[in-house]
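To keep things clear, I will list the structure first and then write my remarks on it.
Protein chains: 4
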Amino acid sequence: MLRKKDKVAMTPPMGWNSWDCWAATVNEKQLLENADYMAAHLKPFGWEYVVCDIQWSEPLAGTGEREYRNFARLTLDEYGRQMPAENRFPSAAGGAGFAPIAEKIHSMGLKFGIHIMRGIPRQAVHEHLPVLGTDVTADQVALFHSISCWNGDMYGLDPQKPESQAYYDSIFQLYAAWGVDFVKVDDICNTNMYPNNPYSAEKEIEMIRRAIDRSGRDMVLSLSPGPAVIEKAWHMEKHANMWRVTDDFWDKWELLKAMFERCEVWQKHVSPGCWPDCDMLPLGRIGMGFHSGRKTNFTRAEQVTMMTLWSIFRSPLMMGGNLPDCDNWTLSLLTNAEVLHLLKHSHDACQLVRDDTQAVWTSVDDDEGRYLALFNLCDAQAEVSCPLSELELSSAWVRDLWQKKDLGAVQGSVSALLAPHGAALLKLTRAH
Amino acid sequence: MLRKKDKVAMTPPMGWNSWDCWAATVNEKQLLENADYMAAHLKPFGWEYVVCDIQWSEPLAGTGEREYRNFARLTLDEYGRQMPAENRFPSAAGGAGFAPIAEKIHSMGLKFGIHIMRGIPRQAVHEHLPVLGTDVTADQVALFHSISCWNGDMYGLDPQKPESQAYYDSIFQLYAAWGVDFVKVDDICNTNMYPNNPYSAEKEIEMIRRAIDRSGRDMVLSLSPGPAVIEKAWHMEKHANMWRVTDDFWDKWELLKAMFERCEVWQKHVSPGCWPDCDMLPLGRIGMGFHSGRKTNFTRAEQVTMMTLWSIFRSPLMMGGNLPDCDNWTLSLLTNAEVLHLLKHSHDACQLVRDDTQAVWTSVDDDEGRYLALFNLCDAQAEVSCPLSELELSSAWVRDLWQKKDLGAVQGSVSALLAPHGAALLKLTRAH
Amino acid sequence: MLRKKDKVAMTPPMGWNSWDCWAATVNEKQLLENADYMAAHLKPFGWEYVVCDIQWSEPLAGTGEREYRNFARLTLDEYGRQMPAENRFPSAAGGAGFAPIAEKIHSMGLKFGIHIMRGIPRQAVHEHLPVLGTDVTADQVALFHSISCWNGDMYGLDPQKPESQAYYDSIFQLYAAWGVDFVKVDDICNTNMYPNNPYSAEKEIEMIRRAIDRSGRDMVLSLSPGPAVIEKAWHMEKHANMWRVTDDFWDKWELLKAMFERCEVWQKHVSPGCWPDCDMLPLGRIGMGFHSGRKTNFTRAEQVTMMTLWSIFRSPLMMGGNLPDCDNWTLSLLTNAEVLHLLKHSHDACQLVRDDTQAVWTSVDDDEGRYLALFNLCDAQAEVSCPLSELELSSAWVRDLWQKKDLGAVQGSVSALLAPHGAALLKLTRAH
Amino acid sequence: MLRKKDKVAMTPPMGWNSWDCWAATVNEKQLLENADYMAAHLKPFGWEYVVCDIQWSEPLAGTGEREYRNFARLTLDEYGRQMPAENRFPSAAGGAGFAPIAEKIHSMGLKFGIHIMRGIPRQAVHEHLPVLGTDVTADQVALFHSISCWNGDMYGLDPQKPESQAYYDSIFQLYAAWGVDFVKVDDICNTNMYPNNPYSAEKEIEMIRRAIDRSGRDMVLSLSPGPAVIEKAWHMEKHANMWRVTDDFWDKWELLKAMFERCEVWQKHVSPGCWPDCDMLPLGRIGMGFHSGRKTNFTRAEQVTMMTLWSIFRSPLMMGGNLPDCDNWTLSLLTNAEVLHLLKHSHDACQLVRDDTQAVWTSVDDDEGRYLALFNLCDAQAEVSCPLSELELSSAWVRDLWQKKDLGAVQGSVSALLAPHGAALLKLTRAH
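Respectively, the protein sequence lines represent chains A, B, C and D.
Under UniProt numbering, the first residue of the first sequence is numbered 1, with each subsequent residue one higher.
Under UniProt numbering, the first residue of the second sequence is numbered 1, with each subsequent residue one higher.
Under UniProt numbering, the first residue of the third sequence is numbered 1, with each subsequent residue one higher.
Under UniProt numbering, the first residue of the fourth sequence is numbered 1, with each subsequent residue one higher.
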């Protein structure tokens with residue numbers, strides 16, 4: 001039974017997010033350059049969202065010693081709503097907000113997304129600013145103890161006060177007016193983070209869901225950071241479109257290897273409109289927002305492993321590297337039509353094997369074909385194989401999706417000799 | 001994609017289990033009396049399993065101060081396999097085991113089940129008995145530290161020794177020869193119980209699955225006790241047919257109320273062949289195996305609530321009370337054809353609301369009808385209602401399944417005035 | 001080896017604290033009335049501290065729905081230091097702070113104490129107020145994530161910034177100038193409260209210790225709330241004079257009974273200058289600061305039990321009830337010279353027995369006498385006894401300290417028939 | 001107040017234990033060779049205990065793949081009491097037990113110790129052997145779920161059965177008859193190991209204490225393994241003479257560095273008769289009982305650090321290396337009279353500083369001198385210093401105890417340039 005909110009994301013969302021490359025420093029020029037590149041090179045393959053990540057209302061974001069400047073002055077409107085910092089997003093001048101940028105991106109045939117922290121700015125609270133459409137001030141709806149442990153911008157909102165909903169309504173009304181298509185809400189997903197804290201982020205998720213519905217505009221709702229707790233899978237499936245199943249993911253093998261355990265746990269919770277999220281793809285050129293940029297630390301084999309796991313599991317795909325810096329190799333990973341067909345049209349993915357040395361996943365295509373992903377988790381080259389009986393087959397015709405070539409008919413079992421940390425992604429059809 | 005093992009339990013298993021009424025003392029006469037009653041009164045409604053619970057190999061079971069006599073002498077064959085104690089199960093004489101009882105039950109058109117603890121008897125280990133088909137003895141496959149914390153009969157088996165699989169194969173070969181249709185394996189389901197113990201029951205589940213497959217006989221695999229951990233849902237779905245989602249359930253309101261939280265967590269993991277298990281139904285006359293018997297402590301309203309929750313969630317239904325003692329009221333709970341139709345033919349059950357005072361569940365019938373279960377969790381009478389918009393309906397024709405009568409057309413929302421701890425189970429179809 | 005800081009509290013501090021009776025609403029008149037009463041009736045028995053508890057800088061403290069008004073405007077000086085709210089403490093007018101009150105209390109031969117929360121006011125931080133003697137502002141030394149989970153006034157201070165020490169120095173310099181003799185620092189003692197928070201209160205304890213030492217004035221340092229973690233006993237012994245071993249204590253038997261477990265754990269950590277603190281004595285008339293006052297809910301037997309445990313364990317004694325409302329019974333509990341002699345002159349207290357029904361403690365007097373405290377933890381009258389051999393005695397002369405009478409010589413064991421939840425406190429000397 | 005049990009260990013016990021070198025394989029010849037060496041070279045410095053560690057009743061101990069052979073046949077007497085395996089301890093023949101070995105060791109002027117696991121042999125339980133002096137059998141006093149997670153020999157004893165005490169009495173009566181002076185009881189000290197297990201080892205400690213007292217012979221009671229939980233410090237101080245504050249200690253820097261944290265936590269719990277135990281000294285030649293021997297992996301600097309920490313903290317000193325293999329360097333560590341004077345005559349040791357790079361401890365001698373231990377926890381050479389003001393001194397005369405030479409008078413602070421992982425141990429007296 002499809003919910004209304006599911007219909008905005010019937011397949012895993014695909015796009016670009018500014019965090020991995022530009023962190024808190026992203027600006028209008030960078031957003032538009034990435035949009036231009038996407039329109040030119042990626043759009044035909046299904047990539048569509050351009051997402052501006054955290055602290056777009058902080059004029060000096062990213063200029064301090066640490067990730068965020070604490071107690072910095074944010075750009076707020078008279079109702080305590082964050083507005084884009086005009087020094088970074090010049091088109092926002094005159095109260096236009098993100099509307100001009102959204103319009104440009106829409107005109108390219110793409111969609112526009114923003115990041116927010118749950119809650120209300122501490123600055124609005126300590127200045128006792130009014131909440132739009134109510135007769136209360138921000139300090140009357142904020143919870144003094146409901147904070148993020150990694151960012152000091154906000155207080156959580158008290159779900160027992162109706163004016164808290166009004167605040168959320170007021171910001172999503174603004175986002176709808178701007179033309180926002182995707183909202184990544186942060187500090188909200190790992191609801192077990194605060195064991196000694198009476199606060200539960202569940203109620204904020206519900207308020208945000210309601211605010212989106214009331215806004216009258218379709219928006220994908222993405223929850224962060226992880227790990228989400230699986231006991232609440234049903235709640236996220238009910239209210240959100242995607243939610244992080246891990247802590248922040250970066251270009252380290254240990255993190256990639258650990259993702260197999262996360263996918264194992266979440267494998268039964270993937271369905272249209274409901275996408276457990278393995279986090280962004282740190283490919284190509286990244287890290288420029290953190291003092292100095294770098295090429296991804298992943299080997300090519302590891303990059304293939306990542307793309308294969310994300311695709312067969314059906315995680316959202318959000319490119320983290322700066323798109324205009326893509327080289328041909330990176331571009332080839334993002335534009336493999338057969339792999340992206342798997343992302344969009346496969347179902348019932350499940351793990352067949354996982355131990356310290358290897359993993360095997362399988363899934364089914366709408367066209368009745370079967371997929372098989374073989375992963376080598378060792379530090380050395382190794383052969384990974386899977387008996388066809390595990391798929392209840394005796395023989396099959398095999399095609400390699402990354403190599404884009406047919407390997408021919410096999411009997412009994414399918415094997416691949418894999419590079420260290422490497423993977424093969426195969427499509428199996430009835431033997432000719 | 002249905003697995004082979006799923007096909008033995010396409011709908012939630014229904015039967016009777018000896019524990020709630022006879023505990024560890026059950027005997028042949030009691031088993032057969034319950035089978036007779038089931039054949040006569042319940043079989044037409046889908047009830048079919050007659051299950052003999054724990055310690056059937058212990059001649060003096062249930063005669064000590066505590067639940068189990070520790071370090072008691074069990075009846076074993078020469079290969080360390082438990083055999084029915086002949087003083088309690090006379091037809092087992094001469095090495096016949098449970099075959100004669102199984103045959104009688106089969107002749108009634110019913111199916112026969114038994115309980116086992118995971119592992120190998122400590123007695124076999126300390127006597128160094130041989131493992132059938134191998135040249136090792138029991139002490140060579142047992143793990144000295146892999147024990148149950150509530151029953152002292154067994155040691156776990158070392159999954160790294162191939163002869164451990166041989167032991168499991170040897171017992172399931174015996175059960176197949178007896179004609180066993182259902183095996184409840186105990187001390188195996190809550191795999192998080194032993195945080196400081198290197199042992200994991202997962203490997204024993206896998207050995208048991210393999211032993212059943214090799215036995216050549218269909219058997220339902222039921223895992224106990226709970227709470228199962230939801231991170232391992234995929235593993236239980238892969239290997240078992242039902243698994244307990246709670247600790248032992250008895251006739252106390254606190255336990256029944258707590259079950260709503262369990263069902264909430266597990267709601268997405270119910271599918272043909274894979275049945276999260278709310279445990280037995282302590283209805284009618286129970287407790288005779290624990291010093292003295294009693295009528296269930298549940299009020300009638302609570303009994304309806306239990307049957308409603310188990311049915312809409314699609315838990316297995318295993319009657320715990322002694323069947324020949326059923327009164328008309330109890331029998332009516334077990335033989336409501338419309339409720340049992342829901343158990344067998346509904347799908348996509350989900351919780352709409354749960355707080356400290358009420359819960360609402362809904363599901364869909366194969367015939368496109370919708371079900372709505374309204375629960376009053378308060379200690380006083382209360383009205384519980386649900387807006388039809390939650391079901392994406394504007395009006396509906398309503399039938400009460402427990403009252404077996406049509407309530408007529410409703411607009412806007414459905415309500416019921418409910419007894420303390422009571423429930424209503426409604427079927428909604430398009431308004432005429 | 002006595003530390004310098006130990007010398008300000010060679011015996012357990014005794015005094016009155018405003019919290020139990022006046023909560024956050026206490027005012028100058030109430031402080032002085034309690035001081036007057038103490039000077040007249042309690043001073044000869046060793047009572048000396050008059051302590052003003054939380055939120056004395058909040059003009060409207062206690063007038064909201066909850067315990068504290070969140071994001072209220074506090075009275076601060078230009079350096080972000082809290083000053084007494086002048087509407088509540090009129091003598092503070094003109095920047096005099098607590099000096100006039102301290103002076104009055106000193107003139108009665110008593111000592112004056114105040115409560116503070118660790119850290120720096122959020123208000124000072126969000127207003128970017130300067131830190132005295134530095135060129136930084138409050139926002140540059142505060143940690144955005146270091147907060148109390150029960151009071152929203154403050155941010156913790158960053159121990160890696162030297163200006164954080166400067167802020168603490170600035171407030172203790174002020175307190176020294178006022179004539180403060182005792183500081184209860186709150187939100188600092190239970191250092192395990194924030195398992196997911198990088199913050200540790202240990203560093204703030206060290207900064208506060210240093211600030212007191214630098215102030216040039218002797219002040220008792222009292223840490224709150226509990227439970228303190230015993231792994232850090234050595235740290236509190238090194239830096240503080242008293243620290244709470246429990247969460248807030250009130251007039252409920254369950255809390256009093258639970259204190260026996262706390263004293264058991266902490267029994268080896270009591271020494272001059274270092275006093276594990278069982279919290280205030282909710283005796284007499286209390287609760288007026290929380291909507292409505294009441295007489296203590298403790299029975300007389302429970303009051304004796306509390307006074308006996310606190311005294312033999314050598315907890316600080318801080319009266320919580322409003323002193324001018326003391327009746328004769330309450331006064332008698334606070335002025336038993338023999339019991340208070342035990343408090344001041346006994347040592348090596350240890351628990352001999354504790355189970356669900358009774359507890360027995362013993363200690364030694366400087367004069368070589370032995371103390372024996374017998375506690376009845378049952379809900380019914382019961383006899384509690386102790387073999388003299390446990391004290392390595394064969395006979396003894398026994399005096400009852402609460403009854404103030406000699407019970408005579410005993411052989412073998414000492415017994416007392418005790419009221420429900422009651423206690424006897426006995427002094428044993430060599431049999432005459 | 002000294003307890004009776006304290007008097008058998010007024011200073012930290014010093015001796016040799018067979019585990020580090022011979023593991024479960026130790027035999028009579030090895031015991032006596034070590035005793036001979038101790039008598040000849042170490043006795044004048046206070047070394048006196050020769051302790052036979054685990055599984056002396058197992059004829060084939062140490063011959064399996066793992067540390068212990070599970071479900072092996074132990075040598076038991078008719079009452080289920082373990083007896084030395086005669087193939088390993090020939091003098092035990094004819095039921096003599098350890099008496100002949102004890103006698104030889106006593107004749108050298110030394111003392112004899114043995115290891116036991118808490119509880120009763122599983123073998124005695126499954127064979128239903130009688131408990132001496134009672135009419136019950138072993139299976140009636142054993143708890144089926146009270147087991148060690150690392151050794152399969154025993155079941156714990158049910159403290160609610162009086163015959164459990166009788167069993168302990170029966171074994172300690174035997175040990176007293178043999179002439180045992182020291183008992184290391186294993187699987188009993190870390191009472192928090194079994195969070196889901198109703199069993200608490202506390203009651204077994206109490207039964208053992210009582211059995212020793214009843215045996216009529218002085219025996220040091222040593223509890224293992226750790227980490228002991230500090231909440232129970234009072235209980236161990238009451239009943240035992242030494243208890244392990246860590247898990248097993250071996251010759252790895254990480255473990256040695258971690259010991260500083262353990263000593264920090266336990267620093268206030270060291271007193272005559274009560275010795276928190278840092279575990280054995282893996283010095284010289286070790287590991288021969290584990291497939292192959294080796295020289296200690298500790299550098300000389302690390303060996304000095306270990307000896308310094310153990311000595312100033314006043315841990316028991318139990319040499320782990322095979323004594324006859326000692327080289328001069330190792331012998332010099334064990335026979336430094338000034339360091340061992342500190343072990344025996346210092347008091348009030350406390351940590352002054354600890355961070356990731358260094359640690360500083362101080363203590364006081366009976367002769368009023370002060371000790372100062374400086375530790376370099378870095379992987380590179382570093383200077384560690386301590387202001388004399390921390391000791392409330394302005395100047396001092398300094399002697400280096402390991403170098404055995406006077407360093408002369410110092411003012412202001414004391415420093416030492418230390419090797420990686422190295423230490424200095426200094427005695428400070430009034431400047432001449």
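Yeah, the Cβ is synthetic: ideal placement off N, Cα and C, and Gly gets one too.
As the structure is a prediction and not an experimental result, all values here were calculated from the model.
- Within chain C, no C-beta atom comes nearer than 7 Å to that of A:ILE116; the closest sits roughly 18 Å away.
- Neighbours of D:GLN267 across chain C, judged by C-beta separation under 8 Å: TRP234.
- A direct Cα-Cα distance of roughly 36 Å separates C:TYR79 from A:ILE188.
- Its chain contains TYR79 and SER170 as the residues whose beta carbon lies nearer than 6 Å to that of C:LEU132, once the 5 sequence neighbours on both sides are disregarded; these appear in chain order.
- With its beta carbon less than 8 Å from one in chain C, A:PHE144 belongs to the interface.
- Judged by DSSP secondary structure, B:ALA423 falls within the beta strand (DSSP E) whose first and last residues are 423 to 429.
- Around the CB of D:ASN34, 16 or more other CB atoms lie within 10 Å, so the residue is classed as buried.
- The beta carbon of D:TYR68 sits closer than 6 Å to those of ASN151, all from its chain and outside the five residues before and after it, given in chain order.
- One finds nothing in chain B with a Cβ atom closer than 7 Å to the Cβ of D:ASP187; even the nearest lies about 11 Å away.
- Taking the Cα positions, C:CYS350 is about 23 Å away from D:ARG314.
- In the DSSP annotation of this structure, the continuous segment of the beta strand (DSSP E) that includes D:CYS350 starts and ends at 346 to 354.
- Note on the region 11 to 61 of chain D: whole beta strand (DSSP E) runs with a minimum of 3 residues are 14 to 17 and 49 to 52, in chain order.
- Ranked by how close their Cα comes to the Cα of B:ALA380, the residues B:HIS421, B:TYR155, B:LEU388 and B:SER164 have B:HIS421 in first place.
- Between C:MET319 and C:LEU281, the C-beta gap is smaller than 8 Å, which places the two residues in contact.
- In the three-state reduction of the DSSP assignment, D:ASN376 falls in the strand class, which pools E and B.
- A:ILE101 and A:ALA39 have their C-alpha atoms spaced approximately 15 Å apart.
- At least one CB of chain B lies nearer than 8 Å to the CB of D:GLN123.
- In this structure, A:LYS5 sits away from A:LEU110, with a CB-CB distance that is not shorter than 8 Å.
- Here DSSP, grouped into helix, strand and coil, assigns C:GLY94 to helix.
- The region 102 to 132 of chain D contains, as complete alpha helix (DSSP H) runs of 4+ residues, the segments 122 to 126 (chain order).
- Inter-residue distance for D:ALA258 and A:ALA23 is about 38 Å (C-alpha atoms, whole angstroms).
- When rounded, the separation of the alpha-carbon atoms in D:LEU32 and D:GLY15 is 13 Å.
- Less than 8 Å divides the Cβ of B:ASP153 from the Cβ of B:MET117.
- C:GLN403 sits exposed, since fewer than 16 C-beta atoms from the chains shown fall within 10 Å of its C-beta.
- Residue burial is scored here from C-beta neighbours: B:HIS145 has at least 16 other C-beta atoms within 10 angstroms and is therefore classed as buried.
- Shortest Cα-Cα distance from A:ASN328 to any of A:ARG300, A:GLY226 and A:SER311 involves A:ARG300.
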